[in-house]
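Trainee: Whatever position you read off the sequence shown (first residue = 1), add 162 for the working numbering. Sharing a structure, written as structure tokens. Questions coming.
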Amino acid sequence: MNQRGRLLLLCLTLGLNSCVAASEGSSPGQCSDGADNDADGDYDCDDSDCALQSPCPGAPFQPGMLEDSSSCDAGDEAFVRRVVPQLLGRQPRSIREVELLVQIIEQSDRRTLVGALMDSQAFAIRWLDAIKDMLQVNRVGDRSGIGCTSTDPYILGDPHLWLGRPDLAAFIRDNGPDGPQHGEPWTLNDLILSAISLDDLSPVFRAQLFAQLGTKLINLDNPGAETSWRVSHANLFEHTYLNRRMSCMQCHNSEFSVTDDSDPELDRTWQVPGYFERALFGSSAGRPIQDLAAFFRVEGVLAMAYYPEGVYRPGLHWGHGEGFNPWGMHSRCGEFILPSEMEPDVEAWTGYFIEPVEEPSIWELEALLRGAFESLRNQDLDIDSDREVAGDQALAWMIGMTVAERVWTELTGHRLTAPHFFPMNRYQRDLLVHLSEAFVGSGYSLRSLIETAVLHPYFNPGSAERCDELDSAYYLAPVFNPWVSEHDVPELRLNSPGDGMARLPARVLMDSAIYALDWPDFDRNVEAIWVNPALDPGHEHDGDGAPVDDDGNPLDENNPINEDGFPLTPTYAFELGIGMFMLDSATGFRNNNLAESLTWEEAMGPCVDPFPEDEQRGDDWIDALLQNAPPTIALSDLVLAVKDRLLAQPAFASEEERELIEALVGAPLDAPTSDDEPLRRACGVFLSSPDFQLSGAAGSDLLGTPSPFIPQGSTALDLCEDLRARLLPGTGASCSNEGRLVL
């Protein structure tokens with residue numbers, strides 16, 4: 163954002179009727195207050211007027227924070243415990259792994275640790291699913307594209323083939339969809355992994371337009387299906403790309419809102435400066451949804467094959483058509499009719515997005531998107547004195563804000579906008595701009611965005627007991643819970659670290675349990691189960707349109723199927739129940755509720771693989787623990803080994819906890835045992851505990867706490883060598899004989 167844009171942002175911060183530029187160092191603070199007092203767009207540390215006076219190294223202030231307030235950090239151990247699940251998709255493996263990661267910080271800084279974590283394959287795999295969630299990519303059902311978005315290896319081979327390979331994403335970034343084709347067929351899954359490696363998400367947003375349209379949505383036996391699905395696609399585009407809803411813009415937009423107020427204390431809509439909706443739709447209040455939906459025409463754009471009455475499954479079959487594969491994408495992502503070969507739209511709809519379009523289609527929308535990304539790739543957002551924004555820049559910036567908020571929400575569990583799609587206070591607004599600049603200004607870099615977010619002081623706030631300079635637990639700006647603004651007690655109009663607590667993402671919880679206990683991946687039972695061989699376009703078909711295998715034998719349809727068109731297995735029911743995004747009709751959730759808790763406890767309470775491939779389950783981590791433990795070891799030491807594995811806590815918090823665990827497992831903790839039942843009872847409790855389920859609570863520092871029993875393969879040296887290979891290859895890092903990581 164340029165200087166003019168920053169000035170407008172400050173104007174809104176002060177209230178539209180009170181924008182008076184102050185000189186640096188004037189009230190409310192001096193050059194050391196971390197504020198932009200002269201409204202030039204630079205904070206103290208970057209301001210030329212303050213560079214010699216300001217304590218720039220280590221200055222704590224960042225946009226979104228309270229000015230002139232104390233800052234409190236929860237410490238390096240708390241930071242590691244919070245950042246590992248979010249970046250790697252699993253909990254730390256023990257207190258020893260926490261100690262090793264803290265050692266990286268102690269010898270360098272948190273930025274170095276974050277960079278090392280993001281260099282790992284686990285980071286790409288974890289954020290592959292997070293990005294698909296942000297784009298609302300269906301995992302099951304007809305709209306999952308029959309393999310285009312699946313991670314199941316039985317559908318399209320190795321789902322991680324494109325890990326660490328940026329060339330696919332670079333090819334799409336540099337070419338149009340109707341130009342040269344990539345040498346290897348690829349899926350959206352492949353592209354996301356490649357884009358993470360390239361560190362540029364813009365190719366994903368461009369290709370997703372085709373992957374989304376290239377899914378079975380239309381039944382032309384219903385005359386209204388075509389137009390209905392156009393609108394559905396448009397609504398999905400609004401939500402996943404723009405974080406807007408046309409039906410809401412008449413009351414809430416970047417120019418005005420019914421919850422605006424000239425008094426900052428009463429203002430409940432804090433827009434980012436710039437009339438973005440006007441730039442895209444010609445009016446801040448939006449326009450008829452049909453004008454956007456026209457770009458999502460299906461018939462005549464998506465190649466389909468028609469089978470007449472009297473043959474197998476009469477009608478149009480999207481997967482059987484022969485057309486062009488944009489950028490060489492896999493045919494399971496859909497095949498399309500080139501713009502030069504398209505027939506006129508039978509509905510005769512015209513479109514408007516940034517500009518009027520006479521014959522709109524997904525091809526024109528992709529071209530607008532491509533130009534938008536390029537418009538801000540090497541220059542700042544330009545907002546003129548009337549707050550007008552060029553359409554291409556407005557589109558790129560709105561996508562940037564959408565991604566920034568979705569990533570912050572994924573990391574913290576808290577949105578920066580209210581249900582009307584705008585921040586409720588200036589702190590949320592400032593933080594949203596800060597994160598958006600990090601993403602857009604770095605060439606749409608996921609790494610830069612995540613680094614900016616996790617290094618923000620509000621990602622790892624400490625409790626009041628930790629910092630003597632705090633007079634109250636409520637010292638945070640209301641970015642986590644903005645609804646406290648009207649509290650009767652002024653102090654409670656702010657947030658405390660408790661407001662930042664949230665349940666971990668459902669997929670992270672599931673994967674943490676799977677990883678810690680050495681269970682097979684549950685998703686193997688979900689993403690492939692619905693694939694109906696009778697509808698699979700990857701098979702050949704006989705003259706009547708019926709599917710046959712490679713030898714010409716008929717293929718039968720899978721049965722039974724549920725109302726969504728695929729089997730409702732226990733695994734699928736579990737993932738739905740704990741809040742994972744699965745499809746449009748089951749978009750997931752992050753909050754704790756009774757149904758979620760019961761679903762989790764039913765599956766995880768026994769602490770055995772709840773969804774084995776065969777009736778006979780295989781050995782897991784607890785079996786290995788017992789097999790390698792001395793026969794005389796006390797049950798308490800084994801319970802603590804399990805607790806350390808799941809929670810990175812190798813000791814009982816108190817004697818009371820020890821007594822409760824003993825009562826729960828139904829066996830004396832001082833006695834030896836070879837029975838796995840007591841350990842699995844304790845394991846089930848740990849898996850449902852707040853320490854496993856929640857993030858944002860720092861807890862007690864446990865570094866240096868001895869472990870009474872360290873299982874085979876889990877010593878500090880074992881973990882050090884593993885981390886060195888995974889996070890720090892080629893850096894010269896080494897492990898001492900004692901298992902200390904040396905950079």
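We treat Cβ as the ideally placed atom computed from N, Cα and C, and that holds for glycine. No experiment lies behind these values; they were computed from the predicted model shown.
Just to confirm my understanding: we take PRO254, look at its own chain, exclude 5 residues before and 5 after, and list those with CB closer than 6 Å. What are they?
Mentor: Result list for PRO254: VAL246, VAL260 and ALA810, in chain order.
Trainee: Could you check what DSSP says for TYR514 in three-state terms: helix, strand or coil?
Mentor: It is a strand residue.
Trainee: Would you kindly work out how many angstroms separate the C-alpha atoms of ASP453 and GLY462, rounded to a whole number?
Mentor: Cα-Cα distance, rounded: 18 Å.
Trainee: Considering only the alpha carbon of each residue, which of PRO870, HIS576, PHE854 and GLU653 lies closest to ARG258?
Mentor: Among PRO870, HIS576, PHE854 and GLU653, the Cα nearest to that of ARG258 is on PRO870.
Trainee: Count the C-beta pairs between the segment 753 to 761 and the segment 732 to 743 that are closer than 8 Å, then say yes if the count reaches three, no if not.
Mentor: With a cut-off of 8 Å, the segment 732 to 743 and the segment 753 to 761 count as touching, because enough Cβ pairs lie within range.
Trainee: When you compare the CB positions of LEU788 and SER851, do they come within less than 8 Å of one another, or not?
Mentor: Going by C-beta atoms, LEU788 is not nearer than 8 Å to SER851.
Trainee: Please state whether DSSP places MET672 in a helix, a strand or coil.
Mentor: Note: MET672 maps to helix in three-state DSSP.
Trainee: Between the segment 555 to 568 and the segment 401 to 415, are three or more C-beta pairs nearer than 8 Å?
Mentor: Yes, the segment 555 to 568 is in contact with the segment 401 to 415.
Trainee: Look at the Cβ atom of TYR589, then the Cβ atom of PRO659, and state whether they are nearer than 8 Å.
Mentor: Not in contact: TYR589 and PRO659 (Cβ atoms no closer than 8 Å).
Trainee: Judging by CA-CA distance, which residue of ILE872, ILE524, THR733 and ALA757 is the nearest neighbour of ALA396?
Mentor: Per the Cα distances, ILE524.
Trainee: Can you have a look at ARG273 and say buried or exposed, based on whether 16 or more other CB atoms are within 10 angstroms of its CB?
Mentor: Classification for ARG273: exposed.
Trainee: I'd like the span of the alpha helix (DSSP H) that includes GLU503, first residue to last.
Mentor: Where GLU503 is concerned, there is no enclosing alpha helix (DSSP H), given that its DSSP letter is neither H nor E.
Trainee: For a test of the three-state rule: what should DSSP assign to ALA566, helix, strand or coil?
Mentor: Helix at ALA566.
Trainee: Is it buried or exposed, CYS234, if we count other Cβ atoms within 10 angstroms and call 16 or more buried?
Mentor: Burial call: buried.
Trainee: When burial is assigned at 16 or more other CB atoms within 10 Å of the CB, is CYS897 buried or exposed?
Mentor: The residue is buried, with at least 16 neighbouring Cβ atoms inside 10 Å.
Trainee: Who are the near neighbours of TRP511 in its chain, counting only those whose CB is closer than 6 Å to its CB and skipping five residues on each side?
Mentor: Taken in chain order, the residues that qualify are ALA456.
Trainee: Note down, in chain order, each residue of its chain lying with its Cβ closer than 6 Å to the Cβ of ASN657, except the 5 sequence neighbours on either side.
Mentor: The answer, listed in chain order, is LEU638, PRO640, PHE642 and ASN643.
Trainee: Are SER364 and PHE515 closer than 8 Å when you measure CB to CB?
Mentor: Cβ distance not < 8 Å, so SER364 and PHE515 don't count as in contact.
Trainee: Helix, strand or coil for PHE498, going by three-state DSSP, please let me know.
Mentor: Of the three classes helix, strand and coil, the one that applies to PHE498 here is strand, per DSSP.
Trainee: Can you tell which of PRO581, LEU617, LEU500 and PHE583 has the C-alpha that lies nearest to the C-alpha of HIS596?
Mentor: Of PRO581, LEU617, LEU500 and PHE583, the residue nearest in Cα terms is LEU617.
Trainee: Can you have a look at VAL242 and say buried or exposed, based on whether 16 or more other CB atoms are within 10 angstroms of its CB?
Mentor: Label assigned to VAL242: buried.
Trainee: Between the C-alpha atoms of THR377 and ARG301, what's the straight-line distance to the nearest angstrom?
Mentor: For THR377 and ARG301, the distance between alpha carbons rounds to 12 Å.
Trainee: For GLY326, which option in ASN337, ARG779 and SER356 has the closest C-alpha, if you only look at C-alpha atoms?
Mentor: Among ASN337, ARG779 and SER356, the Cα nearest to that of GLY326 is on SER356.
Trainee: Report back the beta-carbon spacing between VAL602 and TYR437 to the nearest angstrom; my notes put them in contact at under 8 Å.
Mentor: In fact, because the Cβ distance is near 18 Å, the residues do not count as touching under 8 Å.
Trainee: Alpha carbon to alpha carbon, how far is CYS845 from LEU679?
Mentor: If I take the Cα positions, the gap works out to 10 Å.
Trainee: Who are the near neighbours of ALA600 in its chain, counting only those whose CB is closer than 6 Å to its CB and skipping five residues on each side?
Mentor: Counting only Cβ-Cβ distances below 6 Å, and skipping sequence neighbours, we find SER610, LEU611 and THR614.
Trainee: Using the rule of at least 16 other Cβ atoms within 10 Å of the residue's Cβ for burial, across every protein chain shown, is GLY553 buried or exposed?
Mentor: By the 10 Å Cβ count, GLY553 comes out buried.
Trainee: If you compare alpha carbons, which of ASP884, GLY780, PRO347 and ALA668 is closest to PRO488?
Mentor: The candidate whose alpha carbon is nearest that of PRO488 is PRO347.
Trainee: Pull up the CB-CB distance for ARG888 and SER282, whole angstroms please, since I reckon it's below 8 Å.
Mentor: Yes, ARG888 and SER282 are in contact; Cβ-Cβ is about 5 Å, under 8 Å.
Trainee: Going by the beta-carbon positions, is the gap between GLY251 and ILE287 smaller than 8 Å?
Mentor: Against a cut-off of 8 Å, the Cβ pair of ILE287 and GLY251 comes out as a contact.
Trainee: If you draw a straight line from the C-alpha of ASN351 to the C-alpha of GLY237, how long is it?
Mentor: Rounded to the nearest angstrom, the two C-alpha atoms are 36 Å apart.
Trainee: Is ASP336 buried or exposed, if buried means 16 or more other CB atoms sit within 10 Å of its CB?
Mentor: Answer is exposed; the Cβ neighbour count stays below 16.
Trainee: Take TYR677 and list the residues in its own chain whose beta-carbon comes closer than 6 Å to its own, dropping the five residues that flank it on each side.
Mentor: Closer than 6 Å at the Cβ level, and outside the excluded window around TYR677, lie ARG252.
Trainee: With DSSP run on the structure shown, which of helix, strand or coil describes TYR275?
Mentor: What sits at residue 275 in the sequence shown is Leu, not Tyr. Helix, per DSSP.
Trainee: Leaving out five residues on either side along the sequence, give the residues of the same chain with a beta carbon under 8 Å from the beta carbon of ALA833.
Mentor: Excluding positions up to five away in sequence, the list reads ALA796 and LEU797.
Trainee: For a quick check, are the C-beta atoms of ARG886 and LEU865 less than 8 Å apart?
Mentor: Not a contact, by the Cβ cut-off of 8 Å.
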